Structures are given as C-alpha cells and as structure tokens.
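Novice: Supplied in structure tokens, the structure appears directly below.
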Amino acid sequence: MTDIRDFLNKMDACARELEIVAGKEYEAIRMVDGEQILALTEQRIVIHQCMARLEQEGKGLLARAGVPAEMSLEVLIDMVAGEKTAEFQALRRKLYERMIRIDRQSQENSLRLRAAYNVSTTILQHLGLVQKEQTYGRNMSR
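Letter by letter, the sequence shown follows residues 113 to 254 in my numbering.
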C-alpha cells in the first residue's frame, strides 16, 4: 500500500511541477520571451520524461498486484487498498483532475504561442524583414 501512496505522491509532484511550468510558459508567451520559452520547453521535456518513468512504475505496480495491463489504477486501488481505498481514490481523482487542467492549459498555451508567432511573422513581413511564405511553394515573381 505504501507503494501506491508513494506512486501517487510522485505523480502529483511531477504534475505540480508541470503546472508551474505551464504558468511560466503563459507569462513567457505573453511577454514574447523566446529565451524563457525555450528554457521552459527544456524543463517540460525533463518533467515529461519523469512522468513516463512513473507511468512504467505504475504498470509495474499493476503487474505485481496481478492486475491485467488494460485495467486502471482505480482497479488496483480497489483491490489492495482495503480501508485506505477512499483516501487513495481521492488522491487518484485529484491527480487526474490536475492532469486534465494541465493538458487544457498546455493546449491554450500552444494556441497562444502559435498566435504570437503568426502576429510576429506578419509584422516582420510587412516591414520587409522576412520574406513572405508562398502558398504551395510558388516562388514566381509577377
């Protein structure tokens, strides 16, 4: 049971770090701070690698408990947590909700970043500092 608690706590810690990075990304995009955006991208990569390792650890927990791989952590908690089931399920739900919020925030940041790129590119094109991209690769002059 301590394995499940440790696993959920590690996942929650990674999720909190990812939440912080997403918030900083929002500010960096708002300020069009390219260096900060790149630095945060590196942090995001490290956190995602940690999450991937934890996902493998979670699969190992399922396997050790004899839970089929296609079953969820929810089932594992129900099977082995006993009187701590409600507590662990609450931790799992909290983590799940945090991950959904982070995903939504990341998608919004991606849209903001794309919009900032489009605006910046358009301004630079109008100033003549960047060549306009030709649709379908046409480079013919008129």
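Virtual Cβ for every residue (Gly too), placed ideally from N, Cα, C. Note that the coordinates shown come from a computational prediction; the quantities given were computed from them, not determined experimentally.
Can you tell me which of the three DSSP states GLN217 falls into?
Specialist: Start at 1 with the first residue of the sequence shown, and residue 217 comes out as number 105. Correct three-state label for GLN217: helix.
Novice: Report the CB separation of LEU166 from LYS122 in whole angstroms; it is logged as a contact under 8 Å.
Specialist: In the sequence shown, counting from the first residue as 1, residue 166 sits at position 54. In the sequence shown, counting from the first residue as 1, residue 122 sits at position 10. Contact flag correct, Cβ pair sits at about 6 Å.
Novice: What's the C-alpha gap between VAL231 and LEU120?
Specialist: Residue numbering aside, residue 231 sits at position 119 when the sequence shown is read from its first letter. Residue numbering aside, residue 120 sits at position 8 when the sequence shown is read from its first letter. Their Cα atoms are separated by approximately 41 Å.
Novice: Below 8 Å, can you find three or more Cβ-Cβ pairs linking the segment 150-165 to the segment 229-247?
Specialist: The segment 150-165 is not in contact with the segment 229-247.
Novice: If I measure Cβ to Cβ from CYS126 and keep anything under 8 Å in the same chain, skipping five residues before and after, which residues do I get?
Specialist: Against the sequence shown, residue 126 aligns to sequence position 14. Here the set comprises ILE159, CYS162, MET163, LEU166.
Novice: Beta carbon of ALA181, beta carbon of LYS171: below 9 Å?
Specialist: Numbered from 1 along the sequence shown, position 69 holds the residue referred to as residue 181. Numbered from 1 along the sequence shown, position 59 holds the residue referred to as residue 171. Cβ atoms of ALA181 and LYS171: closer than 9 Å.
Novice: Give the C-beta separation of LEU188 and LEU174 to the nearest angstrom, bearing in mind that I take them to be a contact with Cβ-Cβ under 8 Å.
Specialist: Translated into positions along the sequence shown, residue 188 becomes position 76. Translated into positions along the sequence shown, residue 174 becomes position 62. Indeed, because the Cβ distance is near 6 Å, the residues count as touching under 8 Å.
Novice: Which one of GLY146, GLU131, VAL179, GLN201 has the shortest CA to CA distance from GLN217?
Specialist: For the purposes of this step, residue 217 is taken as residue 105 along the sequence shown, with counting starting at 1. Cα-wise, what sits closest to GLN217 is GLU131.
Novice: So, at 8 Å on beta carbons, what are the nonlocal neighbours of ALA177 in its own chain, with the 5 sequence-adjacent residues on each side left out?
Specialist: Here residue 177 corresponds to residue number 65 of the sequence shown, with the count starting at 1. Closer than 8 Å at the Cβ level, and outside the excluded window around ALA177, lie LEU188, MET191, VAL192.
Novice: Is MET163 near the ligand PLP, with its Cβ less than 8 Å from a heavy atom?
Specialist: Ligands are entirely absent from the displayed structure, and the ligand PLP is therefore not among its contents.
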